[in-house]
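Since the structure comes first, as structure tokens, the remarks are kept for the end.
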Amino acid sequence: MSDVTGSVGRRVGGAVYRRANLTLPLALLLPYLIAFGLFLAYPILRALYMSFFDWGIFGPNEFVGLQNYVGLFSEGRFLRAFWTTVLFTALYVPLTLVVSLVLAVLLNGQMPVLGIFRTVFFMPIVINIAVAAIAIGWIIDPAVGILNRIFAALQLPQQAWLDHPQWALFAISLVTLWANAGFNIIILLAGLQNIPDELYEAARIDGSSAFQDFLYITVPLLRPILLLITVLSLVLALQVFGEVLLLTEGGPFGSTTVLALLLYEEGFEKFALGRAAAIGVIMTVVIAGLSFLQFRIFRDP
Amino acid sequence: MRRNQTGRYITLTVAASIWALPLIAMVVFSLAPNSEILKMSLWPSEFTFTNYIEVVTTEIRGVSIPDSLINSAIILAVQVTGILLLDVPAAYVFARLRFPGREILFWSILVTMMMPGLIDLVSLYDLMARIGLIDTLPGIFLPGLPRPIGIFLLRQFFRQLPVELEDAAKLDGATDFQIFTRIMVPLAVPAITTLAIITSLYSWNNFLWPLIASNTPSSMPVPIAMAYLQSGTSPAQNYSVMLAAAVVTSLPMIIVFLIGQRWIVRGIAPASGIK
Amino acid sequence: MRYSPRIMPSPRGRHGLALTAMIATLASGTTLSYAADVEFWSPFTGPDGATIEAMVQEYNDTRGAEADVNVDLLIVPWDQYYTKLTVSMASGTAPDLSIAHSHRVAGFVGQGALTAFSEDDLKTAGIEGDDYIEALWNAGSVEGERYAVPIDAFPRHIYYNKKLFEEAGLDPEAPPRTLQELRAAAEAISALGDDVYGVYFALQGSSTARDFYSIYWQYTPELLSEDQRGVADGFEEAATKTLTQLKSFIDEGLAPAQNIEDYEGPFIQDRIGVAISQITELPLFRDTEGLDYGVSPMPTFGDTPATFALGHNFAIPTGTSDEAREAALDFISWFSAHGYEWAVGGKVPAKLAVIESDEFKALGPQNIIAERRDIMKLPPIIAVQPEIDRVVQEHVEAVYAGQLTVDDAVSRMKMAIEDVLASQ
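Residue numbers (my numbering), protein chains in the order written: chain G, 124 to 424; chain D, 100 to 374; chain C, 241 to 664.
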């Protein structure tokens, strides 16, 4: 049976590369590329194009070059949103890293009861953002929320959890953590299962405590996964939108107005599509840049 | 010699209680009449199923939860099938079949994951309007097909499969295509299952695009129908029904997830760089 | 795909229709035949949604059948409404007829998104400015061209709990009309209990700006300067007085210090004495059994009575065919004449003939508010008004939350408004 591709195999690195014949690659790739081109690449490129114009409801009003970008960087609202987003990310990423890691370590194991615990921590990733907002809203509603009922029962003063500008952002990071940590835990569990038990046993014989095990065995071996999770969390945090829109709409006195929300407002409320697109481009550059940097700096030598 | 596990289980119990509180509270109070919402008690004094009955039977201008469940199911079926059909072959190409520009293409696809999802919504709407697909089911499910996560996940998976498998197959005279269909795909089942589950979650819960792209009940998936039925009703009147609706609309995915839970870990493992 | 809407019977039954039918025939004049479909998007949901559905159906069955017009109603819930409307405009799939709030019209016009009504259009449809409340009619005109035909107005005013008034020793038929009276009532009622508040007004959300405007305009008539480049001369003084007074209610414990999202609950439970709100809330209170409530115009804090009002309007998006536009106008004029049915749901109809009709006057609360239509004031008609509203809202919210002092807030508000105006 002759091989249509007539390959000459060369072993390079870990993969085998076959030269030249493009029929199969093309055939396998084309369906995806068509969908990608039409529904992802085209709208994105068009948005990029729009960012160089003053673009209104009915199309371009005039070509403005880099004006949108320059204008944004000299505008208080944008700079503030930028800062808020950075702040949020700085809150969220370490928080989720630590919480996910600790929980994953605690949840790792074969005991059936651990399975039940795991399910509890996974649940929030299954529900959609609107349901999450309803569930969380029900807890923290100042008037009838469960949390304030508990506080009332404990004779503590009632709180309006999302009403304080200083705390609203932190509160949203907690909600985002609750809604997304499950993913990180799943990935971490997969990694933890691959750490051979012998290492822990050997350490135990040497008298190592659980904490030392964690510090000297678990964490170093999980490095690539921790890096992955950090990048994923970073990307998520820099783009956070749904939670903010549904919980605070930009928050008390603009304290939770993050970049994605600003994009939404510029694009869908003011219909300044050129500026909205510019915000999107800036965000992409920041996100991609930071991700790339992280991989560079923290990858295994 | 087992270390003392009490500390561990105490921590887990406390953490899990806090973690589960929002959802449990939601379920508990969805089973109580709305009057319980306005009282300040920690636990309802009476329970009822009326909220759920209302969720299932309410219909406003043709919008109803049961109808939207059908829409969501169709969208999900098409998207999962479509994404698997598109992504598996494409990921294999990126992992194993070389061609000029492959890496650039791959990274270009990947970089779209770094973009805020909102950036292209208006252009997408414009495109779909010109094709005439606004307010149709295809208009809802088509844009979700090229999501890069599948490519990423499956490529990682394919890359860490031993090369020897392919070499052996070549020696037996198999074509590239046969290698793909007879060896690679079956081996990729764990990752494919993971992708199917992740895609299901995305499909069912997708909110922003369907919000903009659907206007009438013919194309409304579950989250949009829920939002529609909620607006214009005073929360003071039927918060408990809203809670019940939230539970009902989340149930299918909870079930899917519970069933598919162990597959996800197996599928994700290779993607995260573990051998 | 057409779905069959669930139709609720008009609450007033058939006799109301006969009267309105008479007014309608008097108003609509010609009997042209249009042979057109009108795609009509409206943001009204809940009881309003049912009302507009019923009215559209009625039009299609009666006048529409005569004139060969079919109005195709699509309800887009109000929180998505403007997003979808603008997106549809951008892609050329906008409806033939839409609803627009008064403060949105200028923005749309600035983007070229609305088609103007010509003199002929209006004449054929029998729509004349004199027939409408002046403030509302003026709000629909941008740079001398008419882009919106008013439907109704919903001014800010107060609901008060008569039972609490009695308990506090106040006359339940004498709602507070001035700041002093409001204060006195609030003090008396707040004294009734720990969780009873004399006054309620929103501490968050768009209502904060609206209530602010209501009081502000009682001190000085304009928000912006003549050239619309900055705030009016009396801004600082009026804004300071407004905020100080409103804040004092909170500081003195007469109004809740925490925002209550759904004040209707506590009001119904007899825990709020006077609530500042708008007439659109009426159906909830009216349909609650055992609630003894009253309605009264906005109390006057300042020198002149005034209150903030916004209205709904009909507007025609750009791209509507001429046939559809003319047919839409027929529907618009019919709808205006039938303003009574719409007003039942808690509105002040824009058409004077409806306000002065006997059946409308028999509608207690709406009539009380409509009688003081002379104090209704709409926000400036400029494209960036929604942004100015947002600025005001943010600062007022901050004052209520204790984040900013009144003086700080006023000076920042001034600067922020100037920024918004400069960005045009």
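Note that CB positions come from ideal geometry on N, CA and C, so glycine has one too.
If you measure between the beta carbons of Leu-236/D and Ser-318/D, is that distance less than 8 Å?
Taking the first residue of the second sequence as position 1, residue 236/D is located at position 137. Taking the first residue of the second sequence as position 1, residue 318/D is located at position 219. The answer is yes: Cβ separation under 8 Å.
Run down chain C in chain order and give the residues with a C-beta less than 8 Å from the C-beta of Asp-286/G.
Residue numbering aside, residue 286/G sits at position 163 when the first sequence is read from its first letter. Gln-444, Gln-498, Asn-499 and Ala-641, listed in chain order.
State yes or no: is the beta carbon of Ala-266/G nearer than 8 Å to at least one beta carbon in chain C?
Along the first sequence, one-based indexing puts residue 266/G at 143. Output row for Ala-266/G: interface = yes.
In whole angstroms, what is the alpha-carbon distance linking Pro-545/C and Ile-615/C?
If you number the third sequence from 1, residue 545/C lands on position 305. If you number the third sequence from 1, residue 615/C lands on position 375. Straight-line measurement puts the Cα of Ile-615/C at about 6 Å from the Cα of Pro-545/C.
For Arg-526/C and Val-249/G, what's the separation of their Cα atoms in angstroms?
Residue numbering aside, residue 526/C sits at position 286 when the third sequence is read from its first letter. Residue numbering aside, residue 249/G sits at position 126 when the first sequence is read from its first letter. If you draw a straight line from the Cα of Arg-526/C to the Cα of Val-249/G, it comes to about 41 Å.
Between Leu-277/G, Asn-303/G and Tyr-165/G, which has its C-alpha nearest Ser-207/D's C-alpha?
Taking the second sequence and counting its residues from 1, one reaches residue 207/D at position 108. Ranked by Cα distance from Ser-207/D, the options Leu-277/G, Asn-303/G and Tyr-165/G are led by Tyr-165/G.
Could I get the ranges of all uninterrupted alpha helix (DSSP H) runs contained in the region 599-626 of chain C, with 4 residues as the minimum, in chain order?
The region 599-626 of chain C contains these whole alpha helix (DSSP H) runs: 604-611.
So for Thr-293/D, helix, strand or coil by DSSP?
Locating residue 293/D in the second sequence gives position 194, counting from the first residue. Collapsing the DSSP output to three states places Thr-293/D in a helix.
If you follow the alpha helix (DSSP H) that Glu-581/C is part of, which residue opens it and which one closes it?
The residue labelled residue 581/C in the question sits at position 341 within the third sequence. DSSP places Glu-581/C inside the alpha helix (DSSP H), whose first and last residues are 579-584.
What separation, rounded to the nearest whole angstrom, lies between the Cα atoms of Phe-489/C and Pro-316/D?
The count along the third sequence starts at 1 and reaches residue 489/C at position 249. The count along the second sequence starts at 1 and reaches residue 316/D at position 217. CA-CA distance, Phe-489/C to Pro-316/D, rounds to 46 Å.
Would Val-254/G and Ala-119/D be called neighbours here (beta carbons separated by less than 8 Å)?
For the purposes of this step, residue 254/G is taken as residue 131 along the first sequence, with counting starting at 1. For the purposes of this step, residue 119/D is taken as residue 20 along the second sequence, with counting starting at 1. For Val-254/G and Ala-119/D, no; Cβs fall outside 8 Å.
Judging by CA-CA distance, which residue of Ile-315/C, Arg-652/C, Val-646/C and Ser-561/C is the nearest neighbour of Asp-277/C?
Numbered from its first residue, the third sequence carries residue 277/C at position 37. Here the closest residue by C-alpha is Ser-561/C.
Return the bridge partner residues of Lys-487/C from the DSSP annotation.
The residue given as residue 487/C occupies position 247 in the third sequence. Looking at the DSSP assignment, Lys-487/C forms no beta bridge with any residue, so it has no partner.
Give every residue of the same chain whose Cβ lies closer than 6 Å to the Cβ of Glu-462/C, excluding the five residues on either side of it in the sequence, and list them in chain order.
As a first step, residue 462/C must be located in the third sequence, where it is residue number 222. Closer than 6 Å at the Cβ level, and outside the excluded window around Glu-462/C, lie Ala-472.
Looking at the structure shown, is Thr-433/G part of a helix, part of a strand, or coil, going by DSSP?
Nothing can be reported for residue 433/G, as the shown portion of chain G is limited to 124 through 424.
If we count the other Cβ atoms within 10 Å of its Cβ and call it buried at 16 or more, is Leu-189/G buried or exposed?
As a position in the first sequence, residue 189/G is number 66, starting the count at 1. Its Cβ having fewer than 16 others within 10 Å, Leu-189/G is exposed.
Could you say which of Val-355/D, Asn-337/D and Asp-271/D lies nearest to Thr-298/D if we only look at CA atoms?
Taking the second sequence and counting its residues from 1, the one referred to as residue 298/D is at position 199. The shortest C-alpha separation from Thr-298/D is found at Val-355/D.
Could you please give the first and the last residue of the uninterrupted alpha helix (DSSP H) stretch that includes Leu-224/G?
Position 101 of the first sequence holds residue 224/G. That run of the alpha helix (DSSP H) goes 199-230.
Would you say Ser-339/D lies against chain C (beta-carbon separation less than 8 Å)?
Taking the first residue of the second sequence as 1, we reach residue 339/D at position 240. With 8 Å as the cut-off, Ser-339/D does not count as an interface residue toward chain C.
Secondary structure of Asn-184/G, DSSP reduced to three states:
Position 61 of the first sequence, counted from the start, is the residue given in the question as residue 184/G. Strand at Asn-184/G.
Following the continuous beta strand (DSSP E) through Ile-373/C, name the residue where it begins and the one where it ends.
For the purposes of this step, residue 373/C is identified with residue 133 of the third sequence, where counting begins at 1. Here Ile-373/C belongs to no beta strand (DSSP E), and DSSP marks it neither H nor E.
To the nearest angstrom, how far is it from the Cα of Lys-617/C to the Cα of Ile-657/C?
The residue you call residue 617/C lines up with position 377 of the third sequence. The residue you call residue 657/C lines up with position 417 of the third sequence. Each residue's alpha carbon lies about 19 Å from the other.
What would DSSP say about Ile-405/G, mapped onto helix, strand or coil?
Within the first sequence, the letter at position 282 stands for residue 405/G. Correct three-state label for Ile-405/G: helix.
CA-to-CA distance, Thr-274/D to Ala-150/G, given in whole angstroms:
As a working mapping, residue 150/G is identified with position 27 in the first sequence. As a working mapping, residue 274/D is identified with position 175 in the second sequence. Roughly 14 Å separates the two Cα atoms.
Continuous alpha helix (DSSP H) stretch holding Asp-166/D: start and end
Against the second sequence, residue 166/D aligns to sequence position 67. For Asp-166/D, the uninterrupted alpha helix (DSSP H) run begins and ends at 164-195, by DSSP.
With 8 Å set as the bound, which would you pick, yes or no: does the beta-carbon of Met-262/C sit closer than that to a beta-carbon of chain D?
Taking the first residue of the third sequence as 1, we reach residue 262/C at position 22. Any reading at Met-262/C is ruled out, since the residue's pLDDT is 43, under 50, leaving its predicted position unreliable.
Where the beta strand (DSSP E) through Phe-334/G begins and ends
Position 211 of the first sequence, counting from 1, holds the residue named residue 334/G. Looking at the DSSP string, Phe-334/G is not in any beta strand (DSSP E); the run it does join, the alpha helix (DSSP H), is 333-336.
In angstroms, rounded to a whole number, what distance separates the CA positions of Tyr-323/G and Pro-347/G?
Here residue 323/G refers to the residue found at position 200 when the first sequence is read from its first residue. Here residue 347/G refers to the residue found at position 224 when the first sequence is read from its first residue. The straight-line gap separating the alpha-carbon atoms of Tyr-323/G and Pro-347/G is approximately 19 Å.
For Phe-280/C, list the residues DSSP reports as bridge partners.
The count along the third sequence starts at 1 and reaches residue 280/C at position 40. Answer is Leu-313/C and Leu-337/C.
Measuring alpha carbon to alpha carbon, tell me which residue in Gly-551/C, Arg-417/C, Thr-418/C and Ser-447/C is nearest Ala-340/C.
Counting from 1 along the third sequence, the entry for residue 340/C is found at position 100. When the alpha-carbon of Ala-340/C is set against those of Gly-551/C, Arg-417/C, Thr-418/C and Ser-447/C, the nearest one is in Gly-551/C.
With distance defined between alpha-carbon atoms, name the residue in Val-381/G, Val-363/G, Ile-318/G and Thr-407/G nearest to Asn-231/G.
The residue you call residue 231/G lines up with position 108 of the first sequence. Relative to Asn-231/G, the option among Val-381/G, Val-363/G, Ile-318/G and Thr-407/G whose CA is nearest is Ile-318/G.
Identify each residue in the region 307-332 of chain C for which the Cβ-Cβ distance to at least one residue of chain D is less than 8 Å, and report them in chain order.
Taking a C-beta cut-off of 8 Å against chain D, the contacting residues of the region 307-332 of chain C are Leu-314, Ile-315, Val-316, Pro-317, Trp-318, Asp-319, Gln-320, Thr-323, Lys-324, Val-327, Ser-328, Ala-330, Ser-331 and Gly-332, listed in chain order.
Partner residues on chain G for Ala-353/C, Cβ-Cβ distance less than 9 Å
Taking the first residue of the third sequence as position 1, residue 353/C is located at position 113. Near Ala-353/C (Cβ distances below 9 Å), the residues of chain G are Gly-179, Ile-180, Phe-181 and Phe-394.
Please say whether Gly-397/G and Met-173/G have beta carbons closer to each other than 8 Å?
As a first step, residue 173/G is located in the first sequence; it is residue number 50 there, counting from the start. As a first step, residue 397/G is located in the first sequence; it is residue number 274 there, counting from the start. Yes. Within cutoff.
From the DSSP output, in three-state form, read off Pro-461/C for me.
Sequence index remark: in the third sequence, residue 461/C carries index 221 (1-based). In the structure shown, Pro-461/C sits in coil (DSSP, three-state: anything other than H, G, I, E or B).
Can you pull the chain D residues whose beta carbon is under 9 Å from the beta carbon of Asn-231/G, in chain order?
Here the question's residue 231/G lines up with position 108 in the first sequence. Neighbours of Asn-231/G on chain D: none; closest Cβ ~10 Å, over 9 Å.
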